[in-house]
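First comes the structure, then the notes that go with it.
In full-length UniProt numbering, the protein residues as written are 1 to 110.
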C-alpha cells in the first residue's frame, strides 16, 4: 500500500522555514480542512508551535507538516507546494482525493 502521509516539496519547506524564522516560531506547518469555499472544502494553513499527539507528521528539510486525524482523510497522499508566478505566490495543494477544484486553488470537492 502506498504511503498516504501528506508531504511538502523542497520549495514549500524553504518558504515555511523563512516565514517561521521571521515570526520566531518553529518551522511547523499545520494543514487543516474546513467546510466552505467555492467547491465544498477549503484548505487552512497555520504555523504551529507543536504537533499534537494524534497528528500525522512528515518532515522535509527540517520543516514539519502536521495534519489532524479529521483532515487527514481529505488530504491523504497530498503534496503541498509553494509556487510563484505572475499572479503571485501561494501554497498549492496537489490533492489526489479532490474530484473537483476551483480557479483560486484554495478549495476542493470530493
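Heads up, the beta-carbon is just placed ideally off N, CA and C, and yes, glycines get one too.
Just tell me which of the options has its CA closest to the CA of residue i.
i          : options           : result
residue 10 : 97, 98, 99 and 91 : 91
residue 64 : 70, 71 and 56     : 56
Look at the alpha carbon of residue i and the alpha carbon of residue j, and state the distance between them as a whole number of angstroms.
i          : j          : result
residue 68 : residue 87 : 30 Å
residue 42 : residue 75 : 11 Å
residue 70 : residue 34 : 10 Å
residue 44 : residue 12 : 15 Å
residue 83 : residue 16 : 12 Å
Are the beta-carbon atoms belonging to residue i and residue j less than 9 Å from one another?
i          : j          : result
residue 8  : residue 79 : yes
residue 27 : residue 46 : no
Buried or exposed: which applies to residue i, given that a residue is buried once 16 or more other Cβ atoms fall within 10 Å of its Cβ?
i          : result
residue 6  : buried
residue 98 : buried
*Where in the UniProt domain "Core" (7-105) do unbroken runs of the alpha helix (DSSP H), each at least 4 residues long, occur, reported from the N-terminal end onward?*
10-22 and 69-75
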